[in-house]
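These notes concern the structure reproduced below.
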Amino acid sequence: MSRSMQPPPGSAPQMKANRPANLSTNRTMQVASPAGVPATPSSQAALENMMQQFRVVKRRPFSSLGANYGSALEALWGNRTRSFLTMLGIFIGVAAVIAALTLTQGVSAYIDNLIGQLGTNTVMVFPGATSNRGAQGAGTAQSLSDQDAQDISRLQHVVAVSPVIVAGGVQAVYKGQNWNTNVNGVNDSMQDIQGWKLAQGTAFSAVDEQQKASVAVIGDTVMHNLFDTSGDNPIGKEIRVRNQLFRVVGVLQASGSGFSDDDVIYVPFSTAQQRLRNTTFIDQVQLEVDNRSNITEVETAITALLRKNHHLQAGQSNDFSTFDFTQFLQRAQQQTTIMTLLLVGIAAISLTVGGIGIMNIMLVSVTERTREIGIRVSIGAKRSDIRNQFLVEALMLCMIGAAIGLVLGLLIGWVVTHATGLPFVITVTTIAIPIVVSVGITLIFGIYPAIQAARLDPVEALRVEA
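Residue 369 in full-length UniProt numbering sits at position 369 of the sequence shown, and the numbers go up by one each step.
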């Protein structure tokens with residue numbers, strides 16, 4: 001009885017020899033031996049080396065992101081035509097936004113430069129109410145006098161004042177060449193108020209103003225139309241304005257400001273008052289304020305002064321009006337901002353359409369790769385890995401499209417600004433806004449397909465035919 005209960009000789013060692021390798025106490029992985037062939041040390045070392053590499057990769061930071069990047073690039077390249085068509089909405093939208101921002105910022109920079117040339121600290125006083133102001137800023141009423149200009153010059157924060165007499169539509173003649181232009185009578189302070197830059201000669205002085213000298217400073221346009229044909233140097237030459245002769249003492253640099261600063265002849269105020277207009281009234285007063293922050297205070301003081309000088313009672317409307325270029329600059333900036341918002345809004349619609357296109361194509365991709373998703377999940381991929389994989393693909397579509405749109409938008413902006421003479425302005429905002437918006441739209445529209453892919457049941461996904 002006891003003899004039959006004992007195991008056959010050699011049975012215990014045989015069971016130990018047949019124990020699977022993965023159950024050994026030393027936990028050393030053994031290579032399966034086909035047909036009972038024992039694993040060689042080299043094959044066992046190779047497997048151990050491969051497993052060691054897997055363990056190292058797993059610990060490497062951002063390794064999953066790199067794998068998703070490679071997988072996304074492979075998937076996009078495999079369907080490159082479809083990917084390119086999907087990116088059309090993104091790079092067209094980005095290009096439109098950047099081109100719009102470049103143009104509007106170019107316009108804004110042009111206006112800022114223009115106002116800077118004219119003088120942001122400059123205030124103008126015109127006769128007549130604001131509604132009566134004419135095309136050149138002079139009202140139909142004659143209410144300003146030289147005494148008003150002198151009184152304004154004594155106000156606090158006023159550093160320079162010049163009365164102005166405008167003689168419009170005057171024929172200037174030199175050696176048979178004639179040109180129809182405006183003649184402005186100003187005093188020597190106008191050089192500081194408008195910041196004259198002389199290409200040749202000098203400006204007239206206070207002595208010329210006192211002596212009512214027949215001297216003139218001409219603009220660049222007048223100089224070219226009167227002296228280019230003869231080739232004479234205008235300095236020291238006499239030109240005829242109406243029936244008066246004026247000796248040219250200076251030529252202004254071309255300003256290109258668009259306010260006819262180049263097409264004008266400046267003569268001393270006293271000379272214009274006596275020889276061109278013969279009037280005691282003036283067409284405007286221009287003055288310079290010491291600081292832009294004091295413009296409102298100065299305009300209030302001017303209003304009080306002129307109402308007193310003109311004996312206006314309480315309740316009576318002003319017979320004059322004031323204007324400063326800061327107001328013009330603010331209105332121009334408001335219009336530029338509105339135009340920018342309008343253009344960017346239109347371009348944002350294109351970006352939204354591009355985002356919808358990315359969502360549609362990613363949903364198609366999820367459907368096409370259902371079996372692949374099932375295989376990945378079955379061999380250990382997490383749902384977050386699947387979600388990130390498709391989200392990275394959507395982001396790659398966006399970033400490639402945004403890069404193409406960036407280059408295209410800058411090219412369009414450069415061509416248009418150079419064609420129109422506007423400055424080409426690039427700021428961080430110009431580049432950051434469209435890219436951030438496109439990435440945001442892509443995340444919004446790309447997260448849904450990614451979540452749909454991550455929620456697939458791996459068992460059902462594996463049943464889908466490849």
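For glycine and all other residues, C-beta sits at the position ideal for the given N, C-alpha and C.
From a predicted model like this one, the values you see are computed outputs, not experimental measurements.
- Leu406 is a Cβ neighbour of Ile431, given a cutoff of 8 Å.
- DSSP places Leu198 in the strand class (E or B) of the three-state scheme.
- Residue pairing by DSSP puts Pro163 in a beta bridge opposite Val285.
- About 6 Å separates the Cβ atoms of Asp263 and Gly219, confirming a contact at the 8 Å cut-off.
- Annotation: the continuous alpha helix (DSSP H) that includes Pro434 extends over Val428 to Ala454.
- Excluding its 5 nearest sequence neighbours in each direction, Ile92 has C-beta neighbours in its own chain below 6 Å: Ser350, listed in chain order.
- Looking at the DSSP output, Asn243 bridges to nothing.
- For Asn184, the uninterrupted beta strand (DSSP E) run begins and ends at Gln177 to Val186, by DSSP.
- For Thr221, no beta strand (DSSP E) segment is defined; the enclosing uninterrupted segment is the alpha helix (DSSP H) at Asp220 to Phe227.
- For Phe328, the uninterrupted alpha helix (DSSP H) run begins and ends at Phe325 to Glu368, by DSSP.
- A check of alpha carbon separations from Trp196 across Asp261, Phe281 and Gln316 identifies Asp261 as the nearest.
- Partner residues in the beta bridge of Phe126, as assigned by DSSP, are Ser321.
- Looking at the backbone, the Cα of Asn360 and that of Val353 are separated by about 11 Å.
- Only buried fits Gln284, as 16 or more other CB atoms lie within 10 angstroms of its CB.
- Taken through DSSP and simplified to helix, strand or coil, Ala216 comes out as strand.
- With fewer than three CB-CB distances shorter than 8 Å, the stretch 200–207 does not count as touching the stretch 289–306.
- For Thr326, the closest of Met124, Val170, Gly345 and Ala348 by C-alpha to C-alpha distance is Met124.
- In the structure shown, Gly421 falls within a coil segment according to DSSP collapsed to helix, strand and coil.
- When the beta-carbon positions are compared, Val183 and Val170 come within less than 8 Å of each other.
- Here Ser189 has Ala160, Val161 and Ser162 as same chain residues with Cβ atoms under 7 Å from its own Cβ, once five neighbours each way along the sequence are excluded.
- The Cβ-Cβ distance between Val217 and Thr181 does not fall below 8 Å.
- With contacts defined as CB atoms closer than 8 Å, Asp324 and Ile295 qualify as a contacting pair.
- The beta carbon of Ala454 sits closer than 6 Å to those of Arg383, Ile386 and Arg387, all from its chain and outside the five residues before and after it, given in chain order.
- Here Ser378 is exposed. Its C-beta has fewer than 16 other C-beta atoms within 10 Å.
- Counting C-beta atoms within 10 angstroms of its own C-beta, Val215 has 16 or more neighbours from the protein chains shown and is therefore classed as buried.
- Sequence-distant Cβ neighbours of Ala99 in its own chain, meaning closer than 6 Å and more than five residues away, are Gly409, Ile412 and Gly413.
- Note that the stretch 326–343 touches the stretch 102–112; at least 3 beta-carbon pairs, one per stretch, sit closer than 8 Å.
- According to DSSP, Gly250 shares a beta bridge with Gly201 and Val217.
- Annotated as proximal: Val97 and Ala347, with beta-carbon spacing under 8 Å.
- From the listed residues Leu101, Val94 and Leu88, the smallest Cα separation to Phe424 is found for Leu101.
- DSSP, reduced to helix, strand and coil, places Ile265 within a strand of the structure shown.
- Contact between the stretch 438–450 and the stretch 361–368 is established, with three or more Cβ pairs separated by less than 8 Å.
- Scanning its chain for C-beta atoms nearer than 7 Å, with the 5 sequence neighbours on each side dropped, one finds around Ala272 the residues Ile165, Ala167, Val183 and Gly185, in chain order.
- Counting C-beta atoms within 10 angstroms of its own C-beta, Gly250 has 16 or more neighbours from the protein chains shown and is therefore classed as buried.
- Closest by C-alpha distance to Gln142, out of Ser317, Thr279, Gly201 and Leu305, is Thr279.
- The beta carbon of Asp112 lies closer than 8 Å to those of Leu329 in the same chain, with the five residues before and after it left out.
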